[in-house]
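One structure below.
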Amino acid sequence: MRFAPSPTGKVHIGNIRAAIYNWLFARHTGGKFLLRVEDTDLERSTPEAIKVLFECMEWLGLDYDEEVFYQTKNVNRHLAVVEQLIASGHAYKCEKTSRDGKTGTVVMFKMPKEGVIEYDDIVKGHMAKKAEDIQDFAIVRSDGSPIFHIANVVDDIDQRITHIIRGDDHVENTFKHICIFRALGAPVPKYGHLSMIVNQQGKPYSKRDGAAFVGEYREQGYLPEALFNYLLLLGWNPGDDREVLSRDEMVKLFELEKVHVTAAMFDPKKLAWMNGEYIKKIPQAEFKALLKEKVKVEGEGEEWWDYLCAQVQPRTKFLNDLDTSCAYLASEDYPFDEKAVAKRLQKDGVKATLLDLVERFAKVDDWTAPVLEEMVKGLSQGQGMGPWVHPIRVAVSGRGEGIGLFEMLQLLGREKTLARLKSAAEKYCP
RNA sequence: GGCCCCUUCGUCUAUCGGCUAGGACAUCUGGUUCUCAUCCAGGUAAGAGCGGUUCGACUCCGCUAGGGGCUGCCA
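First residue of the first sequence: 1422, per this note's numbering; consecutive thereafter.
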């Protein structure tokens, strides 16, 4: 199998899904998965664009067998094959005027004029088309460069590709390509065409629909495993209720025959959910290292970090949220959310409550979450701790939501808690 | 226009002639003696339409409607 993208500087999610399906099919069947860079568009195929492609592949754990195959290095072969086709009467030179008005000599592939071209698509089933419905098509431009159809087929022959898994937009090309394989006396590979990924409006997913490229998910703090898993589920399932699958399970269970024919709508919410599921799976030590990197707190011991991780990890959906959601831990100059301040602090009586708490908290010897909770519970006299809990939270963290309040206080320690309650009461309360 | 393909809850899907149509995300309700971006319990919600085959059709066939792809000296 092969993944044959043209490097344009970004990798589209629909494209990478094709790579994922190819990769899984190869790993499942024990075949080889090759990477071919279709870099014949010299303007867009820069070294940077190729680098981006490699980075995406690596990020998602899509490793490939054999060396990378660059299409530009095979141009002489493409042209030699074209000569062969002309000699055997399967292609001919012809004067043609292109859409933009250029006139020149191109080489056309001669389609059969009668009969039916058919093949069994691994995902779409039996496909057939009358030869007369397909026009002859160009395979060499007037500047002498080979066109996609011939380059693609010749490279597939040279790389000994047996299964071609690609996007739905290539189904019509398949009938043409089959004819080229036959004209060359080469075995026709098996084909499988993947449906498109569509946006919320049911239209093909384009860059206007927000994140259409793999790199954007990476930047937004998505885990590669989550994106991989989500994209896999968009058009395939193991046949039971399992959704979050390990890489090993995916390889074991994946079957191309079970891939769907219908277009799938991309649902960012489900991806977000899945990302949270994968964040929960991150080994504790690894998550701790990540957290330390994002949230700069000096002088706390491992125990403190472990305790924080236990609170934060299960609530995290995006790694990128970590620095803002934990900002109050890193600095005394933490930001205050306006809405939270208005709702919880700018109310009559709150100032008195907070200052009263400062006095009570000052007397607590054993500064731990359970002790603090007992204390506030005592104050609430069974009426609910809301009137205490909410103002405290906003005062010490600047936010209306976050980890458990008493755990938060324990993490902050007595000194910071008292200072923050006092200063927030002075600064924000009427 | 021509050719090809598709059509189950809002979304991703299960079902391969027996269905009280199942699950997940989202949403709603309740619980978890604080928030929810955790956890638990529950609810709302689907077979595009019309014919045919059949004891029986979401499943098979036909037509209609709707959607998509292709129709380049792009890939």
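Think of the CB as a built atom: it goes at the ideal place given N, C-alpha and C, for glycine as much as any other residue.
On the premise that residue j lies in contact with residue i, defined as a C-beta separation below 8 Å, what is that separation, rounded to the nearest angstrom?
i            : j            : result
residue 1517 : residue 1527 : 5 Å
residue 1698 : residue 1665 : 5 Å
residue 1810 : residue 1833 : So it is not a contact: roughly 15 Å between Cβ atoms.
residue 1513 : residue 1534 : With 8 Å as the limit, residue 1513 and residue 1534 do not qualify as a contact, their Cβ atoms being about 14 Å apart.
residue 1595 : residue 1540 : 7 Å
residue 1432 : residue 1634 : 6 Å
residue 1436 : residue 1423 : Contact flag wrong, Cβ pair sits at about 13 Å.
residue 1679 : residue 1657 : 6 Å
residue 1691 : residue 1643 : Incorrect: roughly 12 Å between the Cβ atoms, too far for contact.
residue 1734 : residue 1790 : Rounded, the Cβ-Cβ distance is 17 Å, inconsistent with contact.
residue 1766 : residue 1845 : 7 Å
residue 1728 : residue 1434 : Actually they are not in contact, since the Cβ atoms of residue 1728 and residue 1434 sit about 38 Å apart, beyond 8 Å.
residue 1732 : residue 1824 : 4 Å
residue 1821 : residue 1764 : 7 Å
residue 1570 : residue 1601 : 7 Å
Considering just the uninterrupted stretch of the beta strand (DSSP E) at residue i, what are its terminal residues?
i            : result
residue 1558 : 1558 to 1561
residue 1494 : No beta strand (DSSP E) holds residue 1494; DSSP gives it neither H nor E.
Following the continuous alpha helix (DSSP H) through residue i, name the residue where it begins and the one where it ends.
i            : result
residue 1807 : 1807 to 1818
residue 1516 : No alpha helix (DSSP H) contains residue 1516, which is instead part of the beta strand (DSSP E) from 1512 to 1518.
residue 1447 : 1434 to 1450
residue 1723 : 1723 to 1733
residue 1799 : 1790 to 1801
residue 1636 : 1635 to 1640
residue 1777 : 1771 to 1783
residue 1745 : 1743 to 1746
residue 1836 : 1835 to 1849
residue 1475 : 1468 to 1480
residue 1630 : Segment: none, residue 1630 is in no alpha helix (DSSP H) and carries neither H nor E.
residue 1708 : 1705 to 1715
residue 1756 : It is not in any alpha helix (DSSP H) - residue 1756 carries neither H nor E in the DSSP assignment.
residue 1647 : 1645 to 1654
residue 1410 : Nothing in the structure corresponds to residue 1410, since the chain is present only between 1422 and 1851.
residue 1681 : From DSSP, residue 1681 is part of no alpha helix (DSSP H); its letter is neither H nor E.
residue 1599 : 1592 to 1604
Could you pull the DSSP bridge partners for residue i from this structure?
i            : result
residue 1619 : 1625 and 1686
residue 1663 : DSSP lists no partner for residue 1663.
residue 1587 : 1614
residue 1529 : 1513 and 1559
residue 1457 : 1490
residue 1537 : 1551
residue 1423 : 1455
residue 1567 : 1561
residue 1542 : 1546
residue 1524 : 1518
Have a look at the options and flag the residue whose alpha-carbon is nearest the alpha-carbon of residue i.
i            : options                   : result
residue 1618 : 1588, 1639 and 1782       : 1588
residue 1427 : 1438, 1463, 1448 and 1450 : 1463
residue 1770 : 1806, 1812 and 1668       : 1812
residue 1636 : 1716, 1468, 1478 and 1839 : 1478
residue 1743 : 1758, 1709 and 1471       : 1709
residue 1777 : 1839, 1448 and 1441       : 1839
residue 1556 : 1452, 1725 and 1597       : 1597
residue 1684 : 1645, 1624 and 1740       : 1624
residue 1577 : 1724, 1499 and 1694       : 1499
residue 1524 : 1496, 1795, 1563 and 1568 : 1563
residue 1714 : 1692, 1732, 1747 and 1691 : 1747
residue 1467 : 1493, 1451, 1446 and 1788 : 1493
residue 1703 : 1730, 1686, 1725 and 1719 : 1730
residue 1551 : 1561, 1560, 1538 and 1558 : 1538
residue 1585 : 1439, 1429, 1733 and 1806 : 1439
residue 1677 : 1659, 1580, 1668 and 1735 : 1659
residue 1486 : 1836, 1688 and 1453       : 1453
residue 1603 : 1567, 1590 and 1511       : 1511
residue 1566 : 1751, 1497, 1700 and 1759 : 1497
residue 1827 : 1798, 1472 and 1455       : 1798
residue 1447 : 1483, 1745 and 1474       : 1483
residue 1671 : 1451, 1687 and 1653       : 1653
residue 1509 : 1579, 1606 and 1548       : 1606
residue 1480 : 1649, 1688, 1805 and 1764 : 1649
residue 1784 : 1741, 1755, 1835 and 1843 : 1835
residue 1445 : 1849, 1628, 1673 and 1620 : 1673
residue 1559 : 1529, 1570 and 1553       : 1529
residue 1456 : 1471, 1450, 1506 and 1762 : 1471
residue 1667 : 1716, 1737 and 1646       : 1646
residue 1755 : 1738, 1763, 1782 and 1716 : 1716
residue 1726 : 1850, 1750 and 1736       : 1750
residue 1640 : 1591, 1548 and 1476       : 1476
Going by the C-beta, is residue i closer than 7 Å to any heavy atom of the ligand COA?
i            : result
residue 1423 : The ligand COA is not part of the structure shown, which contains no ligands of any sort.
Note to self: Any contact between the segment 1536 to 1551 and the segment 1610 to 1626? By contact I mean 3 or more CB pairs, one from each, below 8 Å.
What the structure shows: yes
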